[in-house]
Amino acid sequence: MTIIELNRKQTTFRNKVSKVEKIINSFQPTDSTKDCITLKSKLDNIKSIIKELDILQNAYCALPDKVNLKESLDTLSDLQDEAEEIKVSFLVLLSNYESIKETVNNTSKTNHVKLPDLPMPTFSGKFQEFEQFKLQFMNLIGNNPSLNEVQKLCYLKGALKNEASLIQSDQDTFDSLMKALEVRYKNTRALVDIHIAEILSINKLNSEHPSQIRSIVDKVRNYLRSLKNLNLESNPLSDAIILHVLSNKIDKESQRLFHLSLTTTKSR
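Heads up: the sequence shown at position 242 corresponds to 339 in the numbering used here, and the numbers run straight through without jumps.
Okay, here's the thing in structure tokens:
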């Protein structure tokens, strides 16, 4: 190959280096994944050009001694230096992306806390427990987009125990079984009766015992809160009935002190 042919080849590489240089100078980050792929591709290009320039240098050196190579080799040396600088620029950019990626991964690992597995809610057929069961089950299973209807049905059947399990059939779908449970156990009248019966069935205390009195008060408050959730508001008559029931659940001395406190309150 003559020096003229080698110089033409050098010009071709000059154009390639210039094109890659324009890319690095005008580079604007857009999408991290796409940017990394682009940078790695162009880095491979410039590495390939550097290898070709080394081959070209060897070709110049293989020419006869009488050929004047100084100008061509000086130009080639500048081109090799420029290509090396471009390669470094690509490496720096890629290094920045790798640092960002590592930071994000470390942050993700730091922020990831494994929570304990939630126990699967179960329902055995008690009216007063149905609403809470349904709420928990729908949050965990029923509204889970990763589960199909067959899987949801299997989980629901597995959650039903004792009396509640008797309501299911082989023809059920998830929606039909949940609807059957609602029809059977979403019974406001039955719930009202249950909460009132629980208030009336509280065991009577035969001696003064502060902790047991507090326990009775807490139970009654819970039952009243449940009745309020069923849209049954208290009124003066219901309050009087509850006070009468409570006073009959405590010992004689506590009753005396309780009625004394009521008299003292009214006299103020």
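Think of the CB as a built atom: it goes at the ideal place given N, C-alpha and C, for glycine as much as any other residue.
Buried versus exposed call for residue i [16 or more other C-beta atoms within 10 Å across all chains shown]
i: Leu335; result: One point to set straight first is that residue 335 is Ser, not Leu, in the sequence displayed. By the 10 Å Cβ count, Ser335 comes out exposed.
i: Ala261; result: buried
i: Ala180; result: buried
i: Lys254; result: exposed
i: Val189; result: exposed
i: Val164; result: exposed
i: His292; result: buried
i: Lys223; result: exposed
i: Gln107; result: buried
i: Lys346; result: buried
First and last residue of the uninterrupted alpha helix (DSSP H) at residue i
i: Thr366; result: For the chain, the structure presents residues 98 to 365; residue 366 sits outside this window and is missing.
i: Val164; result: It is not in any alpha helix (DSSP H) - Val164 carries neither H nor E in the DSSP assignment.
i: Met275; result: 271-282
i: Ala261; result: Here Ala261 belongs to no alpha helix (DSSP H), and DSSP marks it neither H nor E.
i: Gln225; result: 224-234
i: Leu244; result: Segment: none, Leu244 is in no alpha helix (DSSP H) and carries neither H nor E.
DSSP three-state assignment for residue i, whether helix, strand or coil
i: Thr207; result: Low confidence applies to Thr207: its pLDDT is 49, below 50, so where it sits in the model is not reliable, and the reading given next is rough at best. Helix.
i: Phe110; result: helix
i: Phe187; result: helix
*Only counting runs of 4 or more residues, tell me where the alpha helix (DSSP H) segments fall wholly within the segment 296-332, in order along the chain.*
307-326
*asked:* For the structure I just gave you, are there three or more beta carbon pairs, one from the segment 214-221 and one from the segment 144-160, closer than 8 Å?
replied: no
*Hey, is the segment 219-230 in contact with the segment 245-261, meaning 3+ C-beta pairs nearer than 8 Å?*
yes
*asked:* Using 8 Å as the cut-off, can you tell me whether the segment 131-143 makes contact with the segment 182-191, which would need three or more C-beta pairs spanning the two stretches below that distance?
replied: yes
*asked:* Quick test of the definition: if touching needs 3 or more C-beta pairs under 8 Å, does the segment 240-250 touch the segment 268-280?
replied: yes
*Is there contact here, the segment 293-310 with the segment 263-270, by at least three beta-carbon pairs under 8 Å?*
no
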